[in-house]
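J.: Okay, here's the structure, questions in a sec.
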Amino acid sequence: MELLKRVTHPLVVVTNREPYIDERTRSGIRTIQKAGGVVSALDPLLQSLGGDWVAWGSGTADRDTAPKGTRLVPPKSPRYRLHRVFLSPEEIQGYYTHYANQGLWPLSHLLIERAQFSRDAWPIYRSVNQKFARRVAQQSPPQAWVFSHDYQLALLPQELKKLRPDIAIAHFWHIPWPTFPVFRLCPQYQEIVRGLLGADILGFQTPDDVDNFLTAVERTVKSALVDRDGGDIFWQGRTVRVRAIPISVDVEAIEALVESPRIARWARGIRRRLKASHRYLGVSVDRADYTKGILPRLAAIDAFFDRYPEHRGQVVFLQVVVPTRSEVEAYRKLFREVEQETLRINHRYAYGDWKPVITVRRAVDRARLMGIFRAADFALVSSLFDGMNLVAKEFVSAQVDGRGVLLLSETAGAAVELQEALHVSPLDPEGLAATLHQALTMPVSDREARMRRMRQQVHEHTIYDWMAQIFELLQEVSETYARS
Ligand code: GDG
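So for the sequence shown, full-length UniProt numbering puts the first residue at 1; every next one is plus one.
This is how it looks when you write it as structure tokens:
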């Protein structure tokens, strides 16, 4: 892998969630591998390079398999070290459930009224970030490269820099960075900004996120010098490089998956059945999160069948809704509401053997999911706000036959790059319904041309290009350190 050559220092990855979770089951301990985009890209890299990964040990058997926190992974053919940070129930509540998921998450997605910052949660968030920093400092070889992630660990860069100034730190913020008047609503906004400035490289998904962050720094840290054009911040004798580095997917791995005989056969089977009944398949896949706009999307589907009755009996809409963060009431409520809405729509329109909406309420095997993306005629991504949205890029990657249409919220980060998608406003059900009608009646040549251009885009900007950009910047930082 070309990428391997770019990693010239020992690599330490830090995420909230661990790549391998050990769970206690009736038949013994089972290791589950997380299948998110970041994990599935970084895991093979660490498997080739060796190295260290620090994460919260959240599995029920994590303490059994690694009493001191460290174990070798993957379990069957160990290639790198996974260091688990164990958290008490109070720490989980304060750090994860409250401060990160009920505070920073909704605020960063501009859902101000959902954001709650309890006084008690903040010191816990801070101390868990310090705990992570101590663990990373302990495990990192001299002059290591640390690649840390996201809003759960906003204070980690600063805490780590204090302990280990020799380490080059790249921190990637996966979710949107809101405008300053919104971000200022976080009672600890100054601490969060300063916490992140401990990094040498700060990666965001879009140029707007970078802009918003630079403004937050200008307004918060008066002694910092901000070069808006270059994206560099000079502060306390250091340079922080702030860049838009949009995350992507492993397009070739997805293509290989959907072209594998088993999945290709399965996708063909779906298509044959659809053709036999003259039907189109639409798909959407989300964690059951209020930022993903699932309820407004269902309202749009309702409007679609109401406005365009000619599509009744012809279009089947498959939505995969994966339970997530069920410790937060808002998430449990949403899950119930999606179910009720689906029932209502199906009750209103279904007839004979046709049901307009099929909901799968659990995680689907990744290979099959990609097979569904290949077979689908259109995908509907209608997030209210989204840092990027990998589903949009996965759908494009899986469309090896090149005929599907992507309807994509213009407020998802992915819309910046996927210009040939049909952009929709997530809060305009009528407009979304009209765009859906347009997608289904568009000439095939038009659909193919759009998909071709989007496929070219994902081929030119893969997850490996994303990592390569981070590593290139880390190299720059290490060279500067070596000179000073
Ligand atoms: C955050 C940001 C940003 C979903 N259901 C199943 C399943 N998935 C996989 C998808 C995709 C991933 O989970 C979801 O990624 P998204 O990007 O759509 O959304 P978030 O989880 O909110 O991620 C987001 C991302 O970080 C990366 O920077 O794009 O904006 O919010 O890979 O395919 N995978 C399987 N079964 C499922 O049922 N196997």
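The beta carbon of each residue, even a glycine, is placed where N, CA and C say it ideally should be.
#1: Would you mind reading off the limits of the beta strand (DSSP E) that contains residue 23?
#2: Thinking C-beta only, is residue 85 closer than 8 Å to residue 56?
#3: Hey, would you say the C-beta of residue 470 is under 7 Å away from at least one heavy atom of the ligand GDG?
#4: Using the Cβ count rule (16 or more neighbours within 10 Å means buried), how would you classify residue 383?
#5: Grab me the residues of residue 403's own chain with a C-beta within less than 8 Å of its C-beta, minus the 5 sequence neighbours each way, in chain order.
#6: Going residue by residue through the segment 431-461, where are the continuous alpha helix (DSSP H) segments of at least 4 residues, counting only ones entirely within it?
#7: Under the assumption that residue 216 contacts residue 193 (Cβ atoms under 8 Å), give the Cβ distance between them as a whole number of angstroms.
#8: What residue from 310, 283, 309 has the CA that sits closest to residue 298's CA?
#9: Can we count residue 387 as close to the ligand GDG, meaning its CB is less than 7 Å from some heavy atom?
#10: For a quick check, are the C-beta atoms of residue 139 and residue 12 less than 8 Å apart?
#11: Can you give, in chain order, each stretch of the beta strand (DSSP E) that sits fully within the segment 39-115 and has at least 3 residues?
#12: Pick helix, strand or coil for residue 385, following the three-state DSSP scheme.
#13: Would you list the one or two residues that DSSP bridges to residue 280?
#14: Could you compute how far the alpha carbon of residue 147 sits from the alpha carbon of residue 166?
#15: Report buried or exposed for residue 317, applying the criterion of at least 16 other Cβ atoms within 10 angstroms of its Cβ.
#16: What are the complete beta strand (DSSP E) segments, minimum 3 residues, inside the segment 332-409?
#17: Three-state secondary structure (DSSP) at residue 148?
#18: Tell me the start and end of each unbroken alpha helix (DSSP H) in the segment 131-189 that is at least 4 residues and wholly inside, in chain order.
#19: Residue 236: buried (16+ other C-beta within 10 angstroms of its C-beta) or exposed?
#20: Hey, residue 415 and residue 408 are a contact pair by Cβ (cut 8 Å); roughly how many whole angstroms apart?
#21: Where does the unbroken beta strand (DSSP E) through residue 234 begin, and where does it stop?
#22: Going by CA-CA distance only, name the one from 185, 224, 207 that's closest to residue 197.
#23: Since residue 225 sits in a beta bridge, which residues does DSSP pair it with?
#24: Between residue 210 and residue 231, which are expected to be in contact by the criterion C-beta below 8 Å, what is the C-beta distance as a whole number of angstroms?
#25: If you draw a straight line from the C-alpha of residue 143 to the C-alpha of residue 61, how long is it?
#26: Looking at C-alpha atoms only, which residue of 343, 326, 42, 429 is the closest neighbour of residue 82?
#27: Does the beta-carbon of residue 132 have 16 or more other beta-carbons within 10 angstroms, so that it is buried, or is it exposed?
#28: Give the C-beta separation of residue 467 and residue 396 to the nearest angstrom, bearing in mind that I take them to be a contact with Cβ-Cβ under 8 Å.
#29: Below 6 Å CB to CB, which residues in the same chain sit around residue 201 once its five sequence neighbours on both sides are set aside?
#30: Kindly examine the ligand GDG and report whether one of its heavy atoms sits closer than 7 Å to the Cβ of residue 13.
#31: Alpha carbon to alpha carbon, what distance is there between residue 222 and residue 182?
#32: Quick check on the DSSP output: the alpha helix (DSSP H) that includes residue 301 runs from which residue to which?
#33: Here's the rule I'm using: 16 or more other beta-carbon atoms within 10 Å means buried, otherwise exposed. How should residue 87 be labelled?
#34: Determine the DSSP secondary structure at residue 243, reduced to helix, strand or coil.
#35: Just to check my reading of the structure: residue 485 and residue 54 have Cβ atoms closer than 8 Å, yes? What is that Cβ distance to the nearest angstrom?
#36: Run the proximity test for residue 365: is its beta-carbon closer than 7 Å to any non-hydrogen atom belonging to the ligand GDG?
T.: Short version:
#1: 20-25
#2: It is a contact, given that the beta carbons lie within the stated cut-off.
#3: no
#4: buried
#5: Counting only Cβ-Cβ distances below 8 Å, and skipping sequence neighbours, we find 377, 444, 447, 448, 451.
#6: 444-460
#7: 5 Å
#8: Per the Cα distances, 283.
#9: yes
#10: yes
#11: 52-56, 70-73, 80-85
#12: coil
#13: 315
#14: 14 Å
#15: Burial of residue 317 is indicated by the presence of at least 16 other C-beta atoms within 10 angstroms of its C-beta.
#16: 357-360, 378-381, 405-409
#17: strand
#18: For the alpha helix (DSSP H) assignment, the uninterrupted runs of no fewer than 4 residues enclosed by the segment 131-189 are, from N- to C-terminal side, 156-163, 180-183.
#19: exposed
#20: 5 Å
#21: 232-235
#22: 224
#23: 234
#24: 6 Å
#25: Residue 143 and residue 61 have their C-alpha atoms spaced approximately 33 Å apart.
#26: 42
#27: buried
#28: So it is not a contact: roughly 19 Å between Cβ atoms.
#29: 170, 241, 473
#30: Result no, Cβ not under 7 Å from the ligand GDG.
#31: Residue 182 and residue 222 have their C-alpha atoms spaced approximately 19 Å apart.
#32: 294-307
#33: buried
#34: Correct three-state label for residue 243: strand.
#35: What the structure shows of the chain is the stretch from 1 to 484, and residue 485 is not part of that stretch, so it cannot be assessed.
#36: yes
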